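Following my numbering, the numbering of the sequence shown begins with 38 at its first residue and continues without gaps.
Just so it is clear, CB atoms sit at the ideal spot from N, CA and C, and this is done for glycine as well.
Only a predicted model underlies this, so the values are computations on that prediction, with no experimental measurement involved.
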Amino acid sequence: MVTATAVSLADRYTAAFPGSKRRFETAKTVFPTGVTHDTRMMEPFPVYVSRAKGAYKWDVDGHQLVDYFVGHGAILLGHSPDDVVAAVQEQMAKGTHYGACHDLEIEWGQFVRQLVPSAERVRFTGSGTEATLMALRLARLHTGRPKFLKFRGHFHGWHDYVTVASDPPYESASVPGVPDAVAANCVAVPPDDLNAVEDALKADPQIGAVILEPTGGHWGAVPIRGAFLKGLRDVCTRLDRVLIFDEVITGFRVAPGGAQEYYGVTPDLTSLAKILAGGLPGGCLAGRADILAFIEPRPGKPKMKHPGTYNANPLSAAAGVAALKRVATGDPCRKANAAGVRLRNRLNELFAARDWPMVAYGDFSMVRIIPDYHGPRPAGAAGENDGLVPFGGDLNALDGPKNTKQLYAMRQAMLLNGVDLWGFAGMTSSEHTDAVVDDTVRAVETSVEMLQAEGLV
Ligand SMILES: Cc1ncc(COP(=O)(O)O)c(C=O)c1O
38 MVTATAVSLA DRYTAAFPGS KRRFETAKTV FPTGVTHDTR MMEPFPVYVS RAKGAYKWDV
98 DGHQLVDYFV GHGAILLGHS PDDVVAAVQE QMAKGTHYGA CHDLEIEWGQ FVRQLVPSAE
158 RVRFTGSGTE ATLMALRLAR LHTGRPKFLK FRGHFHGWHD YVTVASDPPY ESASVPGVPD
218 AVAANCVAVP PDDLNAVEDA LKADPQIGAV ILEPTGGHWG AVPIRGAFLK GLRDVCTRLD
278 RVLIFDEVIT GFRVAPGGAQ EYYGVTPDLT SLAKILAGGL PGGCLAGRAD ILAFIEPRPG
338 KPKMKHPGTY NANPLSAAAG VAALKRVATG DPCRKANAAG VRLRNRLNEL FAARDWPMVA
398 YGDFSMVRII PDYHGPRPAG AAGENDGLVP FGGDLNALDG PKNTKQLYAM RQAMLLNGVD
458 LWGFAGMTSS EHTDAVVDDT VRAVETSVEM LQAEGLV
């Protein structure tokens with residue numbers, strides 16, 4: 038663990054990660070921005086990772102890093118769990134793509150049906166983005182209504198229909214590169230506002246579906262809890278609209294059956310990905326049999342075309358089956374949630390003890406830290422989903438434009454202290470033990486001191 042000195046944070050980061058710096062110079066000549074996913078962007082350069090196991094990953098300069106990116110949420114069992122590795126290795130030797138039906142896809146789909154309450158039928162896709170694309174198209178076919186409603190700050194992948202209001206400025210109805218005629222099919226309302234939903238649905242009969250991240254946009258930046266979901270289910274049933282839970286993050290994470298199982302609210306359609314495929318690429322849409330039936334050719338009914346080279350790919354299926362077998366026990370979700378609870382509570386104890394204007398919040402295995410926070414403090418230890426929601430849940434305060442200078446400085450400091458935190462946020466896996474979490478809290482303490490030395494918090 039390092040301590041604050043007169044040498045600048047960026048200089049110390051640059052000196053400690055020379056292999057990553059060198060690789061980034063090359064990467065910039067290949068990729069726009071040098072990285073291959075927007076949220077992997079970092080200044081002065083990102084770390085390059087060569088191996089990962091359990092709660093850790095190791096970079097090309099040999100640092101061991103506690104990982105809170107967890108594969109953008111895809112890793113629940115920790116990195117490279119032995120059972121998933123063995124299943125993929127076995128399948129690799131048998132073939133990676135048959136261009137044909139196979140046993141594993143049936144087993145994989147049956148696991149989804151067994152675990153996810155809304156899953157009467159399942160259709161595999163190549164990613165979560167494809168799953169939400171399919172959800173909206175099927176909803177259009179089922180209802181005959183072209184538009185859908187979403188919540189500001191909720192992320193559903195990067196296809197044209199769902200990018201409206203995903204990022205600040207949330208009030209904007211247009212998105213660079215998306216035709217206005219396409220964007221106009223999306224009606225975005227403030228998060229956690231049931232009246233706004235009901236008003237919008239009553240005012241516009243062209244809206245056929247409502248989609249949301251069921252624990253809140255950007256995995257709970259503005260947390261959503263059970264009462265809202267129950268209210269939303271009621272509104273959608275009363276006004277005859279299709280309710281879509283986008284459980285790409287929360288599915289198999291919050292509970293084996295996702296947020297819908299935990300809160301006892303069953304949507305009509307559910308998009309899934311990430312943990313679904315055990316850390317390999319893959320997604321699916323699950324839901325009502327009569328809605329997924331539009332994929333079938335039926336006399337007198339329109340059929341939705343759905344090819345996709347990597348649908349139910351055998352390698353992803355092997356990883357998915359191995360992962361879901363363990364998810365089905367409930368143990369990984371319990372452990373990941375317990376790690377999230379411990380991390381949030383320990384951080385808030387630290388911030389109170391040091392009298393720092395900071396707070397940690399979030400639900401389940403999702404953790405966020407707010408620097409420069411002068412609001413009320415959590416009254417005591419919180420559970421899985423009953424902690425304080427700062428700023429009264431205000432979207433722009435919780436998930437508005439980021440202070441990237443401060444955010445990159447925090448990442449640099451945390452990396453120097455052996456932790457890869459997602460800026461001021463992260464998710465836990467079942468391998469984030471008490472000891473790992475407590476090490477992380479110590480790393481946060483030292484990192485905040487480093488930012489203080491630079492006047493950044
Ligand atoms: C809630 C949610 N929906 C959809 C997606 C898109 O999934 P994918 O990246 O697999 O296309 C994501 C990805 O992070 C997500 O978090």
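Hey, quick one: how far does the alpha helix (DSSP H) through glycine 146 stretch, first residue to last? Along the sequence shown, one-based indexing puts residue 146 at 109. Where glycine 146 is concerned, the enclosing alpha helix (DSSP H) stretches over 140-152.
Taking 8 Å as the cut-off, does the region 448-456 touch the region 321-332 (at least 3 CB pairs, one atom from each stretch)? no
So, helix, strand or coil for glycine 136, using DSSP? In the sequence shown, the residue the question calls residue 136 occupies position 99. In the structure shown, glycine 136 sits in coil (DSSP, three-state: anything other than H, G, I, E or B).
Uninterrupted beta strand (DSSP E) stretches inside the region 315-354 (no shorter than 3 residues): You should have 320-324.
Quick one: what does DSSP say phenylalanine 428 is sitting in, helix, strand or coil? In the sequence shown, counting from the first residue as 1, residue 428 sits at position 391. Of the three classes helix, strand and coil, the one that applies to phenylalanine 428 here is helix, per DSSP.
According to DSSP, simplified to helix, strand and coil, what is histidine 116? On the sequence shown, position 79 is the one that residue 116 refers to. Strand, per DSSP.
Cut-off 8 Å between Cβ atoms - residues of its own chain near phenylalanine 461, not counting five sequence neighbours on either side: The residue you call residue 461 lines up with position 424 of the sequence shown. Closer than 8 Å at Cβ, skipping near neighbours: Arg405, Ile406, Ile407, Pro408, Leu444 and Met447.
Under 8 Å, Cβ to Cβ, is there at least one residue of chain B near alanine 326? As a matter of chain content, chain B is missing from the structure shown, which is built from one protein chain.
Hey, out of Leu170, Leu432, Gly324 and Met341, whose CA is closest to arginine 158's CA? Counting from 1 along the sequence shown, the entry for residue 158 is found at position 121. Residue Gly324 is the option with its Cα nearest to arginine 158.
For the region 405-467, list the alpha helix (DSSP H) runs that are entirely contained and at least 4 residues long, ordered along the chain. 432-436 and 441-453
Taking contact to mean at least 3 C-beta pairs separated by less than 8 Å, is the region 144-159 in contact with the region 191-198? no
Output yes or no for whether 8 Å exceeds the beta carbon distance between leucine 280 and proline 304. Numbered from 1 along the sequence shown, position 243 holds the residue referred to as residue 280. Numbered from 1 along the sequence shown, position 267 holds the residue referred to as residue 304. Contact flag set, yes.
Alpha-carbon to alpha-carbon, valine 44 and valine 364: In the sequence shown, residue 364 corresponds to position 327, counting from 1. In the sequence shown, residue 44 corresponds to position 7, counting from 1. Each residue's alpha carbon lies about 46 Å from the other.
Is it true that the CB of alanine 356 sits closer than 8 Å to the CB of leucine 317? Mapped onto the sequence shown, residue 317 falls at position 280. Mapped onto the sequence shown, residue 356 falls at position 319. Contact: yes.
For ligand 1, is there any heavy atom lying closer than 7 Å to the beta carbon of serine 353? Numbered from its first residue, the sequence shown carries residue 353 at position 316. Between ligand 1 and the CB of serine 353, the shortest heavy atom gap is not smaller than 7 Å.
For alanine 47, tell me which candidate among Thr70, Thr63, Val122 and Pro81 has the shortest Cα-Cα distance. Taking the sequence shown and counting its residues from 1, one reaches residue 47 at position 10. For the residues Thr70, Thr63, Val122 and Pro81, the minimum Cα distance to alanine 47 belongs to Pro81.
Contact between the region 246-255 and the region 263-273 (3+ Cβ pairs under 8 Å): Judged by Cβ distances under 8 Å, the region 246-255 makes contact with the region 263-273, as three or more pairs qualify.
So what's aspartate 104 in DSSP terms, helix, strand or just coil? In the sequence shown, counting from the first residue as 1, residue 104 sits at position 67. If DSSP states are grouped into helix, strand and coil, aspartate 104 belongs with the strands.
In chain order, what residues of the same chain have a beta carbon less than 6 Å from the beta carbon of aspartate 120, not counting five sequence neighbours either side? Along the sequence shown, one-based indexing puts residue 120 at 83. Closer than 6 Å at Cβ, skipping near neighbours: Ala359.
Within the structure, which residues are defined as neighbours of ligand 1 by a Cβ-heavy atom distance below 6 Å, reported in chain order? This selection yields His109, Ser164, Gly165, Thr166, Thr169, Phe192, His193, Gly194, Glu250, Asp283, Val285, Ile286, Ala310 and Gly320.
Quick check on DSSP: helix, strand or coil for isoleucine 261? Here residue 261 refers to the residue found at position 224 of the sequence shown. Three-state DSSP puts isoleucine 261 in coil, outside helix and strand.
Using DSSP with H/G/I as helix, E/B as strand and the rest coil, what is tryptophan 256? Counting from one through the sequence shown, the residue named residue 256 turns up at place 219. In this structure, tryptophan 256 counts as helix in the three-state DSSP scheme.
Less than 6 Å between C-beta atoms, sequence neighbours within five positions excluded: which residues of the same chain meet that for phenylalanine 61? Taking the first residue of the sequence shown as 1, we reach residue 61 at position 24. Excluding sequence neighbours, phenylalanine 61 sits near Gly71 and Phe82.
Below 7 Å CB to CB, which residues in the same chain sit around glycine 420 once its five sequence neighbours on both sides are set aside? Looking up residue 420 in the sequence shown gives position 383. For glycine 420, where only same-chain residues beyond five positions count, the Cβ hits under 7 Å are Val378.
Rounded C-beta distance between glycine 115 and serine 467? I'm assuming under 8 Å. For the purposes of this step, residue 115 is taken as the residue at position 78 of the sequence shown. For the purposes of this step, residue 467 is taken as the residue at position 430 of the sequence shown. With a Cβ gap of about 6 Å, glycine 115 and serine 467 count as contacting.
Would the region 467-485 count as touching the region 87-95 if we require 3 or more Cβ pairs under 8 Å? yes
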